[in-house]
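Numbering (this note's numbering), first residue to last: 4 to 335. In this text, a Cβ means the ideal position worked out from N, Cα and C, and glycines have one as well. Because the structure is a prediction, the values reported are computed rather than measured.
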Amino acid sequence: MKTLLRRASLKTGLALAALTLTGASWAQSFPQRPVTLMVPYPAGGVSDVIARTVNTALGKHLGQPVVVENLGGVSGAIAAQKTLSAPADGYLLFQGSPNELILSPLANAAVKFKSEDFRLLQMISVAPLAVIARADLPVSNGDELAAYATRMAREGRPLTYASVGPGSFYHFMGEHMSHTLGVPMTHVPYKGGAPAFTDLMGGQVDLFITVFGKAQLEMAQQGRLKFVATLSEERLEGLKQVPTLRESRALKDFSYKLWTGYFVRKDTPEPIVQTLYKALTATLSDPAVRAGLEAQSQQVSRPLSLQEAAQAYADGTAQFRALAKTIQLQPQ
C-alpha cells in the first residue's frame, strides 16, 4: 500500500511539474503572432475609436501587432460568441462592457452565453453618458423631457429611442427611463452607434442615451442634434451648459456611467492571462493612450488588480440583473 501511495504521489508530482513547465512555456512563448482585438460594433463609433487608440501601444507591450476587427450585430453578442468559439489561447481579445456581456444575455433569448463565460483582465476607460436628441425636439432638461414624453404618450405618439440592439446598455437605459417616468417609449434598435446617430440627425428617431464624446459635441455645435441632459453626478467639463438628470425632479436618481474593459474566455491559461494583464496595465499609463482617450471624453480607468477586476465584473453583473428584474425585462 505504501508503495502504491508513493507511486501515486510521484505521478502527481510529475504531473504538477509538467503543468508548471507547460505554464512557463506558455508564458515565455505567448504571443508568437499578432493578437486580434475584437470590437463588437462597426467602424466609426466610440468603441472603434477606443480600440484604435489602444491597439498600437498594447502591441508594443506585447511584442506583437494588435489588429482591430469590427463585428457588429445583436448588441455585440455576435462578436462575443465568436470570441467564445475561438481557442482559449489569448490570440482573440474582446473589448467589451456591461452592454455586450452582462445585458445581452438578459434581454435576448437567442444569446446563449452568460457573463461568467468571460474573464475581465483590465478596465481601460469609463465613459460619461448623455441623453441626446434630434435637433428639433422641444426639450432642454430632464423635467421638460419627462413632461413631453408624458404628453406624447397620451396623444398616442410615444417617444422613440435608439440603441445598438436589444439587450444593450442603451436599451436598458431607455426601458429604465420609460419605467421610471411611467410612460411608454418605443425602442428602435441599430447595429451600432454610427447608424443610430445618422437616423437621430435625420429626425427618424427622437432620443439616444449613449456615451458623450467629442464627435457628438461637434454635431451639437453644428445644430445637427442636441444634448438634453447628462447622466453624470455633476455637470461635465466642456458641457457645463447641459444639466444633469440629477438636477431634475422626475429623474433625480438617474445617474450612470459605462466602463470599457478587455476580456478573454474564462478558461484561458493563467500564464497567458498574466501576460495580457501586464501589457494592458502598462498600456493604461502610456501618454498617447491617455491623451487619445481623454480627447474622446473618456475617463482613463485606474489600474485594477486581477482580483479587483473580477470583483468589479461580478458586482456589475449583479447590479444589472437586479435592474432587469426591476424593469420587468423579458428576453425576446
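- Beta-bridge annotation (DSSP): Met-222 is not paired with any residue.
- For Gln-125, the uninterrupted beta strand (DSSP E) run begins and ends at 121-137, by DSSP.
- In chain order, Val-42, Tyr-44, Pro-45, Ala-46 and Asp-51 place their CB closer than 7 Å to the CB of Asn-73, counting only its own chain and leaving out the 5 sequence neighbours on each side.
- Look at Pro-306 here: in three-state DSSP terms it is coil, with no helix or strand label.
- Taking every protein chain shown into account, the CB of Asp-270 has fewer than 16 other CB atoms within 10 angstroms, so this residue is exposed.
- In the structure shown, Gln-67 adopts coil according to DSSP, grouped into three states.
- For Ser-166, the secondary structure class from DSSP, reduced to helix, strand or coil, is strand.
- Within the DSSP bridge table, the entry for Glu-178 names no partner.
- Contact holds between the stretch 160-171 and the stretch 103-120, because three or more Cβ pairs, one in each stretch, are under 8 Å apart.
- For Gln-84, the uninterrupted alpha helix (DSSP H) segment begins and ends at 80-88.
- Gln-125 and Ser-308 have their C-alpha atoms spaced approximately 8 Å apart.
- Taking a C-beta distance under 9 Å as the contact criterion, Ala-54 and Asp-289 do not qualify as a contact pair.
- In the three-state reduction of the DSSP assignment, Leu-140 falls in the coil class.
- Taking every protein chain shown into account, the CB of Glu-221 has fewer than 16 other CB atoms within 10 angstroms, so this residue is exposed.
- Leaving aside the five residues that flank Leu-228 on each side, the residues in its chain whose CB is nearer than 8 Å to its CB run, in chain order, Ile-135, Ala-136, Arg-137, Ala-138, Phe-200, Leu-203, Met-204, Gln-219 and Met-222.
- When the alpha-carbon of Lys-117 is set against those of Pro-131, Leu-296, Ala-130 and Pro-101, the nearest one is in Pro-101.
- For Phe-230, the three-state secondary structure derived from DSSP is strand.
- The C-alpha of Gly-99 lies about 31 Å from the C-alpha of Val-186.
- In this structure, Gly-145 places its C-beta atom within 9 Å of the C-beta atom of Thr-247.
- Lys-281 and Ile-275 have their C-alpha atoms spaced approximately 10 Å apart.
- The C-beta of Thr-320 has 16 or more other C-beta atoms within 10 Å across all chains shown, which makes the residue buried.
- Separation of the CB atoms of Val-245 and Phe-230 is rounded to 4 Å, and the pair is thereby assigned contact status at 8 Å.
- For Gly-93, the secondary structure class from DSSP, reduced to helix, strand or coil, is coil.
- Distance from the CA of Leu-283 to the CA of Lys-85, rounded to the nearest whole angstrom, comes to 22 Å.
- Taking C-alpha positions only, Leu-234 is separated from Val-70 by approximately 33 Å.
- Secondary structure of Val-52 (DSSP, three-state): helix.
- Judged by DSSP secondary structure, Leu-261 falls within the beta strand (DSSP E) whose first and last residues are 260-268.
- A Cβ-Cβ separation of about 6 Å places Leu-132 in contact with Tyr-259 under the 8 Å criterion.
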